[in-house]
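Protein chains: 2
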Amino acid sequence: MTPDLATLRALDARDPLASKRGEFLIPGGVTYLDGNSLGVLPARVPERVEKVVREEWGQDLIRSWNTHGWINLPARVGARIARLIGADADEVVAADSTSVNLFKVLAAAIHVSAGRDPKRRVILADEGNFPTDLYIAQGLAGLVGEARAEVRLVSTDAIADAVTDDTAVVMLTQVDYRTGERHHLREMTRHVHERGALIIWDLAHSAGAFPVDLNGAGADFAVGCGYKYLNGGPGAPAFLYVARRHQPHAPNVLSGWMGHASPFEFTSRYTGASGIRQYQTGTPSILALSALDAALEVFEDVDLAQLRDKSLSLTRTFIDLMGPLCARHGFRLVTPEDDERRGSQVSYAHPHGYEVMQALIAAGVIGDFRAPDLLRFGFTPLYTSHEDVWHAVQTLDIIMREGRWQDARYAERNAVT
Amino acid sequence: MTPDLATLRALDARDPLASKRGEFLIPGGVTYLDGNSLGVLPARVPERVEKVVREEWGQDLIRSWNTHGWINLPARVGARIARLIGADADEVVAADSTSVNLFKVLAAAIHVSAGRDPKRRVILADEGNFPTDLYIAQGLAGLVGEARAEVRLVSTDAIADAVTDDTAVVMLTQVDYRTGERHHLREMTRHVHERGALIIWDLAHSAGAFPVDLNGAGADFAVGCGYKYLNGGPGAPAFLYVARRHQPHAPNVLSGWMGHASPFEFTSRYTGASGIRQYQTGTPSILALSALDAALEVFEDVDLAQLRDKSLSLTRTFIDLMGPLCARHGFRLVTPEDDERRGSQVSYAHPHGYEVMQALIAAGVIGDFRAPDLLRFGFTPLYTSHEDVWHAVQTLDIIMREGRWQDARYAERNAVT
Chain A
1 MTPDLATLRA LDARDPLASK RGEFLIPGGV TYLDGNSLGV LPARVPERVE
51 KVVREEWGQD LIRSWNTHGW INLPARVGAR IARLIGADAD EVVAADSTSV
101 NLFKVLAAAI HVSAGRDPKR RVILADEGNF PTDLYIAQGL AGLVGEARAE
151 VRLVSTDAIA DAVTDDTAVV MLTQVDYRTG ERHHLREMTR HVHERGALII
201 WDLAHSAGAF PVDLNGAGAD FAVGCGYKYL NGGPGAPAFL YVARRHQPHA
251 PNVLSGWMGH ASPFEFTSRY TGASGIRQYQ TGTPSILALS ALDAALEVFE
301 DVDLAQLRDK SLSLTRTFID LMGPLCARHG FRLVTPEDDE RRGSQVSYAH
351 PHGYEVMQAL IAAGVIGDFR APDLLRFGFT PLYTSHEDVW HAVQTLDIIM
401 REGRWQDARY AERNAVT
Chain B
1 MTPDLATLRA LDARDPLASK RGEFLIPGGV TYLDGNSLGV LPARVPERVE
51 KVVREEWGQD LIRSWNTHGW INLPARVGAR IARLIGADAD EVVAADSTSV
101 NLFKVLAAAI HVSAGRDPKR RVILADEGNF PTDLYIAQGL AGLVGEARAE
151 VRLVSTDAIA DAVTDDTAVV MLTQVDYRTG ERHHLREMTR HVHERGALII
201 WDLAHSAGAF PVDLNGAGAD FAVGCGYKYL NGGPGAPAFL YVARRHQPHA
251 PNVLSGWMGH ASPFEFTSRY TGASGIRQYQ TGTPSILALS ALDAALEVFE
301 DVDLAQLRDK SLSLTRTFID LMGPLCARHG FRLVTPEDDE RRGSQVSYAH
351 PHGYEVMQAL IAAGVIGDFR APDLLRFGFT PLYTSHEDVW HAVQTLDIIM
401 REGRWQDARY AERNAVT
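First to last, the sequence lines map onto chains A and B.
Okay, so the first sequence: first residue is 1 according to my numbering, each after it adds one.
Okay, so the second sequence: first residue is 1 according to my numbering, each after it adds one.
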């Protein structure tokens with residue numbers, strides 16, 4: 001059943017998050033359904049960045065580490081993220097990239113696991129996990145050697161059964177970056193724990209898209225991304241979570257001075273700070289962290305249940321509107337229709353997916369493409385309306401009806417897809 | 001022999017780099033001698049950052065990875081730095097923090113060394129090296145285990161003799177962060193190579209302060225900092241150098257997707273890019289990299305021999321002017337007087353060093369303090385004049401004569417010193 005435009009406008013009219021759209025600078029002529037790749041610029045960010053550059057750096061210079069609290073910025077930003085992912089403020093820190101943070105928590109998890117049972121040496125991962133997660137695991141396993149770690153990749157469906165008595169840690173991204181399928185975080189965590197292993201959640205496509213309850217699930221470790229649903233800007237600092245119970249026994253192998261118990265005593269021997277601060281490494285970019293900090297202010301008064309409700313309404317609307325296009329133009333839905341199993345993204349396979357997406361982008365509707373044949377559409381509840389969804393599907397229908405995607409220029413491959 | 005103000009003004013009047021000062025936004029009422037900790041804001045940075053935030057991110061959004069070349073920014077910034085350190089453009093990349101980059105090149109060096117001679121397993125370092133370097137080495141050695149790596153710390157003077165047939169890699173910072181003493185980069189590199197080991201240079205206090213000639217010296221690996229003499233802003237991205245001859249055999253253990261041969265094919269198996277790009281890890285901050293990129297434009301027309309000449313003239317002037325204060329107020333010079341052995345920084349020990357520096361900062365002359373008793377003064381040739389040096393010493397003399405440093409508020413310890 002496909003909703004009509006009047007119905008969708010009525011949904012927008014009573015959307016409790018509607019006013020949030022005004023807190024973002026959305027370019028004219030663009031319908032942006034790629035917030036799962038790079039979030040839109042929050043209106044308060046440019047001002048904050050300018051203040052940090054001109055005043056804090058430019059005027060106050062080195063003194064700002066104290067007077068503007070730069071030294072505590074990773075923890076302050078971490079605390080803002082903690083609320084969004086069901087963690088306590090002292091369990092999350094903003095630092096480095098997701099890849100680097102994953103290396104830290106994976107090494108920490110292996111250390112904790114080996115302390116319990118040295119026979120457990122398998123890092124179990126979904127073969128469809130976001131590649132950088134797999135690459136980092138391979139890099140770490142290669143470094144420590146097969147006697148201590150081995151990466152085992154299985155299909156998404158086979159993960160649960162593959163947790164055996166040689167599994168040290170399971171590494172999963174809660175929402176699959178291609179299909180938008182969402183794992184049951186609580187159930188999977190319990191299952192992995194019952195089988196004696198630890199779990200690392202990658203929340204790249206979760207944080208800021210819907211509420212996550214890490215502590216409610218008893219999760220061990222997590223990482224996530226600052227530039228997708230958190231809107232922190234291109235390559236924004238990432239975050240990591242270490243459950244408080246693990247912190248005293250889970251050292252950071254990327255032991256840089258910012259994680260030292262007393263960095264300004266300049267001792268020659270590393271002693272990690274107690275608590276979450278130990279997972280910092282080098283000096284963080286204050287510009288990048290400040291942009292993320294300002295972006296996170298947008299979430300301060302957001303009810304996360306409303307966020308999830310709106311996200312589901314948007315993705316459900318999109319799936320409903322796309323129904324006729326699937327039959328007519330050969331799109332195949334690869335995202336679960338069951339609300340519980342869906343993140344805030346919907347993907348379709350199409351044999352000419354790349355060209356279709358290029359034509360759609362040229363028409364002002366921005367999604368993205370993932371090899372080999374997926375069109376991805378992300379729905380950011382804070383700045384996307386039901387009418388946007390309507391407009392996107394209408395545009396796609398026109399492009400397909402007119403065969404516009406067959407224009408040769410849409411077949412040219414970009415460096416980044 | 002202490003120069004008088006007229007002589008110093010004459011030096012400034014014929015300084016070929018004098019016009020560079022106008023390319024920086026130096027706060028009023030401040031004499032800034034802490035560019036070795038955080039460089040001053042280059043005038044072109046705020047505009048560039050605003051453009052990146054409002055136009056590239058805000059308007060063009062995800063498309064900027066292609067249209068604004070974000071994907072190549074780490075290599076472009078690396079190429080700018082390469083000229084300053086005597087490397088080729090394809091041997092340097094900007095990425096992550098110095099600490100994280102050191103982890104990468106140290107792991108790579110151990111790998112290369114083990115391939116030549118597995119008996120070599122010692123990471124030899126100066127016990128006075130900047131702590132984060134030592135901490136990172138300890139973290140890596142702890143992770144791979146003592147059969148493969150052991151950190152051995154010796155005093156600066158003992159380094160050369162300590163390179164033995166169990167040494168895998170020597171890790172040195174070219175300019176000591178406390179004393180400002182400069183190692184002979186070429187001679188030490190040759191010495192270490194003659195004894196069969198590899199060398200990693202930390203150029204944190206070198207890059208942008210004076211010309212470095214890594215390739216002329218036949219160096220193996222290097223890392224360095226973007227926020228000191230390169231003026232890239234607080235916590236700016238760092239850089240790393242891998243000599244071209246090592247690149248095919250020196251894998252990056254922090255193997256994230258940005259270092260993959262084909263990151264957008266999303267394969268599950270890591271295959272490193274050929275060349276310097278393989279040493280990238282996660283998605284870099286485009287805001288932070290762009291600020292550093294704009295800051296490096298200032299160096300484009302700078303003659304590095306002139307940079308060194310001016311640096312030596314400034315530090316020599318400071319040492320000469322400080323002569324009478326040493327006798328009068330108990331300062332003790334810890335920086336070599338021999339030009340060849342001095343970086344662009346001069347340090348003095350004083351029993352009340354912390355309080356004296358706080359009083360000096362309160363009077364508008366900004367240096368910094370390093371435990372236990374060192375006052376550090378950095379001289380950035382691009383924006384520091386000989387008259388600044390004169391003013392700094394006059395102010396310090398007044399503070400000491402008036403005993404101002406004894407004010408109780410200057411004894412209060414800041415979080416960052």
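Here a beta-carbon is modelled for each residue, glycine too, at the ideal position from N, C-alpha and C.
Residue i versus chain B: which residues are under 7 Å apart at the beta carbon?
i	result
Ser-268 of chain A	Glu-127, Pro-131, Leu-134, Leu-153
Leu-360 of chain A	Those do not exist, as Leu-360 of chain A stays about 13 Å from chain B at its closest Cβ, beyond 7 Å.
Ala-107 of chain A	Leu-143
Thr-98 of chain A	Gly-282
Determine the chain B residues that contact residue i at a beta-carbon separation under 8 Å, and present them in chain order.
i	result
Pro-118 of chain A	Correct list: empty, because the minimum Cβ distance to chain B is about 13 Å.
Gln-59 of chain A	Pro-27
Pro-237 of chain A	Ser-285
Please list, in chain order, the chain A residues whose beta carbon lies closer than 9 Å to that of residue i.
i	result
Arg-431 of chain B	Given a span of 1 to 417 for chain B in the structure shown, any question on residue 431 of chain B remains unanswerable.
Leu-41 of chain B	Val-53, Arg-54, Trp-57, Gly-58, Gln-59, Leu-61
Val-122 of chain B	Per Cβ cutoff of 9 Å: no residues; Val-122 of chain B is ~16 Å from chain A at best.
Please state the DSSP three-state secondary structure of residue i.
i	result
Pro-42 of chain B	strand
Tyr-177 of chain B	coil
Thr-31 of chain B	strand
Thr-164 of chain A	coil
Phe-24 of chain B	strand
Ala-94 of chain B	strand
Leu-17 of chain B	coil
Val-170 of chain A	strand
Arg-419 of chain B	This structure leaves residue 419 of chain B out entirely; chain B is present only between 1 and 417.
Thr-283 of chain B	coil
Thr-2 of chain B	coil
Thr-67 of chain B	helix
Phe-103 of chain B	helix
Val-389 of chain A	helix
Asp-293 of chain B	helix
Arg-413 of chain A	coil
For the putative contact between residue i and residue j, defined by C-beta atoms under 8 Å, what is the C-beta separation to the nearest angstrom?
i	j	result
Leu-143 of chain B	Val-144 of chain A	6 Å
Val-418 of chain B	Leu-240 of chain B	Here chain B covers residues 1 to 417 and nothing more, so residue 418 of chain B does not appear.
Ser-255 of chain B	Gly-139 of chain A	4 Å
Pro-263 of chain A	Asp-96 of chain A	Contact flag wrong, Cβ pair sits at about 16 Å.
Val-163 of chain B	Ser-113 of chain B	Actually they are not in contact, since the Cβ atoms of Val-163 of chain B and Ser-113 of chain B sit about 12 Å apart, beyond 8 Å.
Gly-208 of chain A	Phe-299 of chain A	7 Å
Gly-86 of chain A	Asn-215 of chain A	5 Å
Asp-397 of chain B	Thr-31 of chain B	14 Å between Cβ atoms; not a contact.
For residue i, count neighbouring Cβ atoms within 10 angstroms of its own Cβ and tell me buried if that reaches 16, exposed if not.
i	result
Ser-344 of chain A	buried
Pro-131 of chain A	buried
Gln-278 of chain A	buried
Pro-234 of chain B	buried
Gly-22 of chain A	exposed
Gln-280 of chain A	buried
Ile-81 of chain A	buried
Gln-406 of chain A	exposed
Asp-4 of chain B	exposed
Arg-121 of chain A	buried
Gly-69 of chain B	exposed
Lys-228 of chain A	buried
Ala-125 of chain A	buried
Arg-48 of chain A	buried
Pro-74 of chain A	buried
Note down, in chain order, every chain A residue with its Cβ under 8 Å from the Cβ of residue i.
i	result
Gln-138 of chain B	Ser-255, Arg-269, Tyr-270
Since residue i meets chain A, which of its residues come closer than 7 Å, beta carbon to beta carbon?
i	result
Arg-370 of chain B	Phe-266
Give me the chain B residues within the contact set of residue i, using Cβ-Cβ distance strictly less than 9 Å, ordered along the chain.
i	result
Glu-50 of chain A	Pro-46, Val-49, Glu-50, Val-53
Trp-405 of chain A	Chain B residues near Trp-405 of chain A: none, gap ~17 Å exceeds 9 Å.
Quiz item: Residue ranges of each beta strand (DSSP E) run of no fewer than 3 residues wholly in the stretch 109 to 157 of chain B, ordered along the chain?
Solution: 122 to 126, 150 to 154
Quiz item: If you scan the stretch 323 to 385 of chain B from start to end, which runs of the alpha helix (DSSP H) of 4 or more residues do you find wholly inside it?
Solution: 353 to 362
Quiz item: What runs of the alpha helix (DSSP H), each 4 residues or longer, lie entirely inside the stretch 199 to 276 of chain B?
Solution: 214 to 217
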